[in-house]
Amino acid sequence: MAEPTDPYKILQVDSEAEDEVIQAAYRRLARKYHPDLTSSPDAPARMAAINAAWERIGEPGKRSLFDLGRVAASRAAARSGQPDA
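The sequence shown begins at 1054 in the working numbering and counts up by one.
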């Protein structure tokens, strides 16, 4: 099964979540999966995904750009008859 690439899914938040909720989710997951704090063998990969998600939506400006891209992709898929990506 493929790992999710949607930063909202990775951070386990709704796409309508407040910025503070996203930040709290990032911090919670970082504490849980940081390789220095857990012995889980998948911790480095999980932490990399968490950091990548935070990079995409952690700041309001970056989040706005990401959300605009999602809307554009959804509209393009609808025009072409393809399911949402």
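A virtual CB, placed ideally from N, CA and C, is assigned to each residue, including glycine. Quick caveat: nothing in here was measured; it's all calculated off a predicted structure.
For residue i, the three-state DSSP class (helix, strand or coil)
i     : result
S1117 : helix
L1082 : helix
D1072 : helix
G1122 : helix
E1108 : helix
Residue i: first and last residue of the uninterrupted alpha helix (DSSP H) it sits in
i     : result
L1094 : This sequence places Pro at residue 1094; Leu is not what is there. Note, P1094: premise wrong, no alpha helix (DSSP H); not H, not E.
L1088 : Contrary to the premise, residue 1088 reads as Pro rather than Leu in this sequence. From DSSP, P1088 is part of no alpha helix (DSSP H); its letter is neither H nor E.
P1060 : 1060 to 1063
Own chain, CB closer than 6 angstroms to residue i, minus 5 neighbours either side, in chain order
i     : result
W1107 : Y1079
P1060 : A1106, R1109, I1110
Residue i classed as buried or exposed, judged by whether at least 16 other C-beta atoms fall within 10 angstroms
i     : result
V1124 : exposed
R1099 : buried
M1054 : Note that M1054 scores 43 on pLDDT, short of 50, meaning its location in the model is unreliable; the coordinates nonetheless yield the value given after this. M1054 is exposed by the Cβ-count criterion.
Would you check if the segment 1111 to 1118 and the segment 1072 to 1090 touch, i.e. whether three or more CB-CB distances between them fall below 8 angstroms? Touching, yes, given that three or more Cβ pairs across the two stretches are closer than 8 angstroms.
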